[in-house]
Amino acid sequence: VTKDELLAPLARLRGERVVVTTMGLVRPWARHSDHPLDFASADSAMGHAADFALGLALARPERGVVCLNGDGSMLMTLGTLVTAAASGARNLLLFVAENGTYEVTGNQKVPGAGRVDYAALARAAGFPRAFRFRDAAAYAATLPEVLDAQGPVCVAAEVEPGEETPLGRGPGQDARYLRLSLAESVRALRRGLAVGSGLLSTV
Amino acid sequence: VLRRQRVTHVVTLPDNASAALVSCLESPPGPRLVWVTREGEAFALAAGLWAGGALPVVLIQNTGLLESGDALRGTAMRMRVPLVCLVTYRGYATLGEASPAAAPDGALLGRPDVDSVAVLTEPTLRAWGVPYAFLRGDDDVPRLGEAFADAARLEQPVALLLPEATT
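Going down the list, the protein sequences come from chains B and S.
The opening residue of the first sequence carries number 1 in our numbering; numbering runs sequentially from there.
The opening residue of the second sequence carries number 1 in our numbering; numbering runs sequentially from there.
Here it is in structure tokens:
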């Protein structure tokens, strides 16, 4: 599955779900989507996109939250699979793009590349639904069912490694959601979610 | 005070010192408890809760605080999340003359009569730019309200250290 084959169908079907991206999927997602509810966990903490997305899902149970995580990032916080399942966040959809490498730091191999089944890990952690895809057509055909499933749901997909470089933020970035600082970006997301608060100030 | 502040979630990996507080929070009405598997996870999850419009508090032990460095830096701090962190202070009673103001070294951290995590707690908070105060007993409870005000004013995490077990 190429990144485009993974992301294009999701961009068509995501509706008003929040989409949290990280690492090697940040810029590719921005080429498919320019939505106020897109958020990049970039210039942030290593491996903490999934737990950040889980927090969003728990705060907004009426709204779907999608996290586009990678295998290297998932390995840094595998416990989040257990936390997410135990929390009962029915609206969380967690993707694990298995490219087998730490792509943005130079495609170094991640431990267990090609041997770890992240869908099986999620299932064992208590996710009620977990899917694994190696074929783009099967993924695209099943995605509506994935999006309708009661979560937390995990989608593990074998994805071809790319050539994404380290992520930055600032006015010169192509992706709109990377032009803001992380603090500004999270406040823009709060505005997108119509969070009413005097704390909205800096964007 | 947590209920009065309209705290919605307490994100926690509890210990003996926070057990009574957690037990109290398990009884509704009140904030929802969210259990995490590692303390760094608590800061990212709390940041996500805040992004979604909730008002979380983090409740962890100081050992877990030390584990949380990159998560605290990269989420709650970098995102400028107004977040109150309740941190139980393991080993505080062992500090004695080993003042946390002193620069820790290998000799101090290796002393069997001093809890090294206590030695490092306050210097770490200072190094990470997290303001902190003490919550030693019932007389200090107003400091909890002050912590919420400070976090909102500064738009960043602030810590309250609990050197005694909650009862």
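All C-beta atoms, glycine included, are put in the ideal place defined by N, C-alpha and C.
Neighbour flag for residue i against chain S, beta carbons, 8 Å
i	result
F95(B)	no
L121(B)	no
G55(B)	yes
M46(B)	yes
S87(B)	yes
V195(B)	yes
T80(B)	yes
T77(B)	yes
A188(B)	no
R115(B)	no
T21(B)	no
T105(B)	no
Spatial distance of residue i from residue j (CA atoms)
i	j	result
V158(S)	S41(B)	22 Å
L25(B)	H32(B)	11 Å
P161(B)	K109(B)	10 Å
R14(B)	V96(B)	17 Å
S68(S)	N62(S)	10 Å
D34(B)	C67(B)	16 Å
P28(S)	A98(S)	41 Å
E98(B)	P14(S)	33 Å
E122(S)	A101(S)	8 Å
T77(B)	P111(B)	14 Å
R176(B)	Y132(S)	36 Å
P9(B)	L143(B)	8 Å
L199(B)	G64(B)	At L199(B), the pLDDT of 41 sits below 50, so the modelled position is not reliable; the number obtained from the coordinates is stated separately. Each residue's alpha carbon lies about 24 Å from the other.
G114(B)	L121(B)	14 Å
A85(B)	L182(B)	27 Å
L161(S)	L135(S)	6 Å
D113(S)	T166(S)	24 Å
D115(S)	E164(S)	15 Å
A140(B)	D174(B)	27 Å
L144(S)	D148(B)	42 Å
L86(S)	A138(B)	47 Å
L94(B)	E145(B)	14 Å
V116(B)	A107(S)	43 Å
Which listed residue (the options) has its alpha carbon closest to that of residue i
i	options	result
A53(B)	P36(B), R31(B), R17(B)	R17(B)
L180(B)	R78(S), H9(S), A20(S), L13(S)	R78(S)
P56(S)	R80(S), R6(S), S27(S)	R6(S)
V191(S)	T124(S), A19(S), C24(S)	For residue 191(S) there is no data in the structure shown, the boundaries of chain S being 1 and 167.
N91(B)	L75(B), A120(B), Q150(B)	Q150(B)
P82(S)	A54(S), G40(S), P31(S)	A54(S)
A19(S)	T88(S), E155(S), D105(S)	T88(S)
L125(S)	V34(S), D150(S), R73(S), E164(S)	R73(S)
T8(S)	A136(B), G55(B), A85(B), L93(B)	G55(B)
L75(B)	R123(B), A137(B), G47(B)	G47(B)
G170(B)	A136(B), D43(B), T22(B), R12(B)	D43(B)
G48(S)	D140(S), L144(S), R38(S), A76(S)	A76(S)
E184(B)	G145(S), R80(S), G106(S), A93(S)	R80(S)
A103(S)	L86(S), A127(S), A71(S)	A127(S)
V10(S)	R38(S), A46(S), R4(S), N16(S)	A46(S)
Cβ of residue i within 8 Å of any chain B Cβ
i	result
E41(S)	yes
L83(S)	no
V117(S)	no
L65(S)	no
R38(S)	yes
T75(S)	yes
W35(S)	yes
R90(S)	no
D140(S)	no
D15(S)	no
L49(S)	yes
Proximity of residue i and residue j at Cβ, strictly below 8 Å
i	j	result
F127(B)	P152(B)	yes
L6(B)	V104(B)	no
N69(B)	A49(B)	yes
V58(S)	A151(S)	no
G30(S)	R60(B)	no
L95(S)	V130(S)	no
A44(S)	D71(B)	no
A11(B)	L58(B)	no
V82(B)	A125(B)	yes
T22(B)	S73(B)	yes
D70(S)	G110(S)	no
Same chain, Cβ closer than 8 Å to residue i, five either side skipped, listed in chain order
i	result
V117(S)	N62, T63, L66, R90, G91
P28(B)	K3, D4, L7, G162, E164
D135(B)	V1
T12(S)	S18, V22, L33, V34, W35, V36, A42, V58, L59, I60
E26(S)	L33
V141(S)	V1, L135
V186(B)	F39
Same chain only: Cβ atoms within 7 Å of residue i, ignoring 5 sequence neighbours per side
i	result
A119(B)	A130, F131, R132, C154, A156
Short CB-CB distance (under 8 Å) between residue i and chain C
i	result
A93(S)	Among the chains of the structure shown, chain C does not appear; the protein chains present are B and S.
Beta-carbon contacts of residue i that lie in its chain and below 6 Å, excluding the five residues immediately before and after
i	result
F39(B)	V20, L189
N107(B)	T101, P161
L37(B)	V18, G192
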